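Peer 1: The sequence shown: position 89 = 89 (UniProt numbering), numbered continuously. Heads up, the beta-carbon is just placed ideally off N, CA and C, and yes, glycines get one too. Being a predicted model, the structure only gives us computed values, none of them experimental. One structure coming up, written as structure tokens, with questions to follow.
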Amino acid sequence: MDATLRLPMSKELYIEEEEFERLYSAPIGLIILLSIIYGLISILAIIGNCLVIWIVATAKQMHTVTNMYIANLAFADVIIGVFCIPFQVI
1 MDATLRLPMS
11 KELYIEEEEF
21 ERLYSAPIGL
31 IILLSIIYGL
41 ISILAIIGNC
51 LVIWIVATAK
61 QMHTVTNMYI
71 ANLAFADVII
81 GVFCIPFQVI
């Protein structure tokens with residue numbers, strides 16, 4: 001009697017896995033395209049924010065409270081660009 005209970009459960013599980021694959025699988029071309037786009041966004045975010053930090057750090061006239069706050073936000077965005085954006089595709 002225990003074996004008959006397992007058979008329908010495993011068949012239902014197989015149907016659920018099949019349905020999951022049909023609904024949530026993505027074509028390999030789309031995955032590659034998204035990887036390239038997210039990679040470019042990450043690289044541009046890192047380069048642009050590093051330039052902001054460099055300009056605020058090196059130019060004496062940029063040493064204001066507002067610009068230090070902007071540099072701090074740029075630093076936080078660099079961290080997001082390094083640690084978060086590349087893993088969005090996974």
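#1: Counting Cβ pairs closer than 8 Å, one from the segment 42-62 and one from the segment 19-31, do we hit at least three?
#2: With distances taken from CA atoms, which of 69, 77, 83 and 17 is nearest residue 49?
#3: If you scan the segment 47-86 from start to end, which runs of the alpha helix (DSSP H) of 4 or more residues do you find wholly inside it?
#4: Using the Cα positions of residue 4 and residue 19, report the straight-line distance between them to the nearest angstrom.
#5: Using the Cα positions of residue 45 and residue 65, report the straight-line distance between them to the nearest angstrom.
Peer 2: If we stick to the structure as given:
#1: Counting C-beta pairs closer than 8 Å gives fewer than three between the segment 42-62 and the segment 19-31, which falls short of the contact rule.
#2: By one-based count along the sequence shown, residue 49 stands at place 49. The candidate whose alpha carbon is nearest that of residue 49 is 77.
#3: Those alpha helix (DSSP H) runs which fall completely within the segment 47-86 and span 4+ residues are 65-83.
#4: Numbered from 1 along the sequence shown, position 4 holds the residue referred to as residue 4. Numbered from 1 along the sequence shown, position 19 holds the residue referred to as residue 19. Low per-residue confidence applies at residue 4: pLDDT is 46, beneath 50, and the placement is therefore not dependable enough to give any value.
#5: By one-based count along the sequence shown, residue 45 stands at place 45. By one-based count along the sequence shown, residue 65 stands at place 65. Their Cα atoms are separated by approximately 23 Å.
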